[in-house]
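Per numbering that gives the first Met the number 0, the very first residue in the sequence shown carries number 0; after that it's consecutive. In this text, a Cβ means the ideal position worked out from N, Cα and C, and glycines have one as well. Predicted, not measured: the structure shown is a model, and the values here were computed from it.
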Amino acid sequence: MSILITGGAGYIGSHTVRYFTEKNEDIVVVDNLQNGHKDSVQIDHFYNIDIRDKDALQEVFINHNIEGVIHFAANSLVGESMSKPYDYYENNVYGMMCLLDVMKENNVKKIVFSSTAAVYGEPKQIPIMEINETNPTNPYGETKLAMEKMMKWFEQGYGTQYVSLRYFNAAGAHESGMIGEDHEPETHLMPLILQVALGVREQIAIFGSDYPTIDGTCVRDYIHVMDLAAAHYLALEYLRKENKSDVFNLGNGNGYSVKQVIDTARKVTNHPIPSVLKDRRSGDPAVLIASSEKAKTLLGWNPQHHSLEKMIADAWNWHQGNPEGYTK
Ligand code: UDP
């Protein structure tokens, strides 16, 4: 049987495809290439279709014997979601409705879902635990929470079981340097910093320097993309063995400020990486740090690449080899 990975040509999706292939899983990828890159997935069964096109999606389920779905396909930028909420509801929430409906029609009962720390909003306690209140401060987090709730009710109604993985800040790249992070336009901190080191940009803007943190800049919990990929595999194994749904945070439990990330990148790249202080970006909580004890205990997740240096070094390896990103 095959595993369908939606959004498998995106950043986390492509690393997960790679990880699952290394585990000898038979993979089918569906991606509309709105943000993904065909070159990031080297597999036989790739479909350039949109999950909102139910007929096309149904064809994929007919052509392949799908055991379960790893669902990445979504819009995922906090800032963009504030100015284009309709797009987020349409692609994320309606897309999920289409996918779950086609799964239901084909009697596919397992889904691993790409969720986010943004479902929590401004946390009341650090580290954040899965039982803490969810109160998103932007449409991105709101739509991901709506998608989680949709899965909960589909489980009640149709028996579709899910594992929802709430990631904190994905970073790094596959150690081979063959795949990495490339968004157009780029808005994420780490690739932007490395583009400065490459000479593609002149400086990095620091969004907000008056937060109640060690140096006034936002603190985030960075997690290596291959550790995230491994968690998706363990989540699928959990559904296979345990036959029950659950929600897990995925982070390292260590917080790094924007300034600390820039300083570490200066060391790794040996480049001065000029920075400039700017106003806060709307929708950004001051501190996001995960408790991932639940994933460690129940999934047996054991992140391998803890250090920020390692994440930046792997990302740097990819960026140096691909200064323009994937071939456009
Ligand atoms: N950030 C920044 N300058 C940038 C991009 C991001 O200071 O050019 C900050 C942002 O405000 C946040 C952190 O870096 O505090 C991580 O942002 P990113 O967009 O990478 O991930 P997010 O936390 O939104 O998922």
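- Ile-127 has its Cβ no nearer than 7 Å to any heavy atom of the ligand UDP.
- Straight through space, the alpha carbons of His-304 and Val-111 are spaced by roughly 22 Å.
- Apart from the 5 residues on each side of it in sequence, Tyr-232 sits with its Cβ closer than 7 Å to the Cβ of Tyr-18, Phe-19 and Lys-22 in its chain, given in chain order.
- Counting other Cβ atoms within 10 Å of its Cβ, Leu-32 stays below 16 and is therefore classed as exposed.
- The residues Ile-48, in chain order, have a CB closer than 6 Å to that of Ala-55 in the same chain once the five nearest residues on each side in sequence are set aside.
- Remark: the C-beta of Val-77 is in contact range of the ligand UDP, defined as less than 7 Å to any heavy atom.
- Relative to the ligand UDP, the nearest heavy atom lies less than 7 Å away from the CB of Ile-203.
- A residue is called buried once 16 or more other Cβ atoms fall within 10 Å of its Cβ, and Thr-268 is buried on that count.
- Under the 8 Å Cβ criterion, the segment 153-164 does not count as touching the segment 197-204, having fewer than three qualifying pairs.
- Its Cα nearest to that of Leu-298, the residue Asn-242 stands out among Ile-125, Tyr-119 and Asn-242.
- Membership of His-231 in any beta strand (DSSP E) is not indicated; the residue belongs instead to the alpha helix (DSSP H) covering 224-241.
- With a cutoff of 7 Å, Arg-51 does not count as near the ligand UDP, since its C-beta is closer than that to no heavy atom of the ligand.
- When secondary structure is reduced to three states using DSSP, His-70 falls in the strand class.
- Using a 10 angstroms sphere on the CB of Pro-211, the tally of other CB atoms stays under 16, which defines it as exposed.
- Each of Pro-84, Val-40, Asn-74 and Asn-106 was checked against the Cα of Glu-66, and the nearest Cα belongs to Asn-106.
- Thr-5 is the residue among Gly-176, Thr-5, Ala-289 and Ala-230 whose C-alpha sits nearest the C-alpha of Val-59.
- The three-state reading of DSSP puts Arg-165 in strand, counting E and B together.
- For the pair Gln-124 and Asn-131, the CB atoms are nearer than the 8 Å cut-off.
- Assigned with DSSP and collapsed to three states, Arg-219 falls in strand.
- One Cα belongs to Ala-73, the other to Pro-138, and the distance between them is close to 12 Å.
- Taking 7 Å as the cut-off, the C-beta of Arg-17 does not count as close to any heavy atom of the ligand UDP.
- When C-beta atoms of the segment 276-287 are compared with those of the segment 192-200, fewer than three pairs fall below 8 Å, so the two segments do not count as touching.
- Gly-282 and Glu-79 have their C-alpha atoms some 11 Å from each other.
- The C-alpha of Lys-258 is placed about 30 Å away from the C-alpha of Pro-84.
- Contact between the segment 238-254 and the segment 162-170 is present: three or more C-beta pairs spanning the two stretches fall below 8 Å.
- Per DSSP, the unbroken alpha helix (DSSP H) holding Ser-82 starts and ends at 77-82.
- DSSP, reduced to helix, strand and coil, places Lys-108 outside both helices and strands of the structure shown, so it counts as coil.
- Inter-residue distance for Pro-122 and Arg-219 is about 12 Å (C-alpha atoms, whole angstroms).
- Looking at the DSSP output, Ala-289 shares a beta bridge with Ile-127.
- In the structure shown, Lys-37 adopts helical secondary structure according to DSSP, grouped into three states.
- Relative to the ligand UDP, even the nearest heavy atom lies 7 Å or more away from the CB of His-223.
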